[in-house]
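Visitor:
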Amino acid sequence: MKGIIGKKVGMTQVYAENGAVIPVTVLQAGPCVVVDVKTQESNGYSALQLGFGARKVKNVTKPLLGHYKRSGADSNPPAVVREIRMEQDPEVELGSEVKADVFNADEFLDVTGVTKGRGFQGVVKRYNFAGGRYSHGGGWKRRTGSIGQCEFPGRVDKGKKMPGHMGNVRRTIQNLKIVRVVPEDNLVFVKGAVPGPNGGLLVIKSARKKCAEAK
Amino acid sequence: MNILDKINKEQCKQDVTAFNVGDTVKVHTKIIEGTTERIQVFSGVVIAKNGSDVQESFTVRRVSFGQGVERVFPIHSPRVEKIEVIRCGKVRRSKLYYLRDKIGKAAKVKELRTDR
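Going down the list, the protein sequences come from chains A and B.
Everything in the first sequence is counted per the working numbering, starting at 1290 for the first residue and increasing by one.
Everything in the second sequence is counted per the working numbering, starting at 100 for the first residue and increasing by one.
As structure tokens, this is what we get:
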């Protein structure tokens, strides 16, 4: 399991060798500092605690600075800290750097982020309901329609899709193929879209369900 | 946005032939058939240009055997080998979609004369 914290730079397109256009999202992956290492022995589970970004020392709470002290990150504290679960105890030193070069092209990634908030939305936008007809005497346009049956069961089904708040939730997109890695700038190009706005925080992990195809 | 701009600029071809909407052009495209590679030429009138940087593309229209044919080429694609300008056209708009409804002589674009 490989993982890193990053942010979304934005989308663009690149040309494949055969001239095909690939839509890509550019991710700023790292550099991250290893803040803590969780091991089976001392914590009961294996994980890597990574820090990303930068924050002024005066803006970090004393308890957090104390936590950073062990890895030597207290002089240049990270803005965000996330844990990445590992199958085995990671063999890395505290304070070492994790960069985008841990990933290679043609591998697959799972990318987690917070989707753009859309506010309170109706059922057409939120759940792709068809809505009613605008002509031919239609008259219910974008409304929900019937939400149940009759005296039996006499209630609305649990989980019935209705209007409500949309977006601003944590979502993971699985099996995004890496098109290119630029280690100098810590950039990873993945095919397809990623949750959240440009500049949004992402947790990038190697895919759980798909391995790179052997060439 | 700086990083994206850089990525886009890097992919752009440096030596793209300048041409305008209304020009008659020959587009040389690489066709890969299995292992062999050959050049195919498509000539016609540029009726539209879209996008910018790497995403820039243009539409070429020609009438072949009485049937209008349009192809869209991405300017910076590695498949587009060369663009030749045969004739510059005199046009007053950026999209020549009106040519689709014209037949015969009415579908012609007047030549731009610069020597006058």
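By construction, the Cβ of each residue, glycine as well, lies at the ideal position given by its N, Cα and C atoms.
(1) At a CB-CB cut-off below 7 Å, which residues of chain B make contact with residue 1483 of chain A?
(2) With a cut-off of 8 Å, do at least 3 Cβ pairs link the region 1447–1461 of chain A to the region 1395–1409 of chain A?
(3) Tell me whether the beta-carbon of residue 1300 of chain A lies closer than 8 Å to the beta-carbon of residue 1310 of chain A.
(4) Applying a beta-carbon distance threshold of less than 9 Å, which residues of chain B neighbour residue 1301 of chain A?
(5) According to DSSP, what are the bridge partners of residue 140 of chain B?
(6) Please list, in chain order, the residues of the region 159–187 of chain B that have any C-beta partner in chain A closer than 7 Å.
(7) Between A:1437, A:1438, A:1423, which has its C-alpha nearest residue 1431 of chain A's C-alpha?
(8) Less than 8 Å between the beta carbons of residue 156 of chain B and residue 130 of chain B, yes or no?
(9) Anyone know if the C-beta pair for residue 147 of chain B and residue 189 of chain B falls short of 8 Å?
(10) What are the residues that DSSP puts in a beta bridge with residue 1531 of chain A?
(11) Can you list the residues of chain A that residue 131 of chain B reaches, using a CB-CB cut of under 9 Å?
(12) Answer with buried or exposed for residue 163 of chain B, where buried requires no fewer than 16 other C-beta atoms within 10 angstroms of its C-beta.
(13) Check whether the Cβ atoms of residue 115 of chain B and residue 159 of chain B lie closer than 8 Å to each other.
(14) Please compile the residues from chain B whose C-beta is within a distance smaller than 7 Å of the C-beta of residue 1298 of chain A.
(15) Using the beta-carbon count (16 or more within 10 Å), is residue 1294 of chain A buried or exposed?
(16) Buried or exposed, going by whether 16 or more other CB atoms sit within 10 Å of the CB of residue 1364 of chain A?
(17) From what residue to what residue does the beta strand (DSSP E) around residue 1369 of chain A run?
(18) Is the beta carbon of residue 1436 of chain A less than 8 Å from the beta carbon of residue 1449 of chain A?
(19) At a Cβ threshold of 8 Å, is residue 1315 of chain A touching chain B?
(20) Please list, in chain order, the chain B residues whose beta carbon lies closer than 9 Å to that of residue 1304 of chain A.
(21) Run the proximity test for residue 1433 of chain A: is its beta-carbon closer than 7 Å to any non-hydrogen atom belonging to the ligand MN?
(22) Tell me whether residue 138 of chain B is buried or exposed, calling it buried when 16 or more other Cβ atoms sit within 10 Å of its Cβ.
Guide: With the structure as the only source:
(1) Ordered by position in chain B, no residue passes the 7 Å Cβ test against residue 1483 of chain A, which lies about 14 Å from the chain.
(2) Contact between the region 1447–1461 of chain A and the region 1395–1409 of chain A is present, because at least three Cβ pairs lie under 8 Å.
(3) no
(4) 103, 106, 107, 110, 152, 153, 154
(5) B:127
(6) Cβ contacts with chain A come from 173, 176, 177, 178.
(7) A:1423
(8) No, these two residues do not count as a Cβ contact at 8 Å.
(9) It is not a contact, given that the beta carbons lie outside the stated cut-off.
(10) Since the first and last residues shown for chain A are 1290 and 1504, residue 1531 of chain A lies out of range.
(11) 1307, 1308
(12) By the 10 Å Cβ count, residue 163 of chain B comes out exposed.
(13) Inclusion of residue 115 of chain B and residue 159 of chain B in the CB contact set at 8 Å is not warranted, their separation being larger than that value.
(14) 102, 103
(15) buried
(16) exposed
(17) 1369–1374
(18) The answer is yes: Cβ separation under 8 Å.
(19) yes
(20) 110, 153, 173, 175, 176, 177, 178
(21) Although the ligand MN was asked about, the structure shown includes no ligands whatsoever.
(22) exposed
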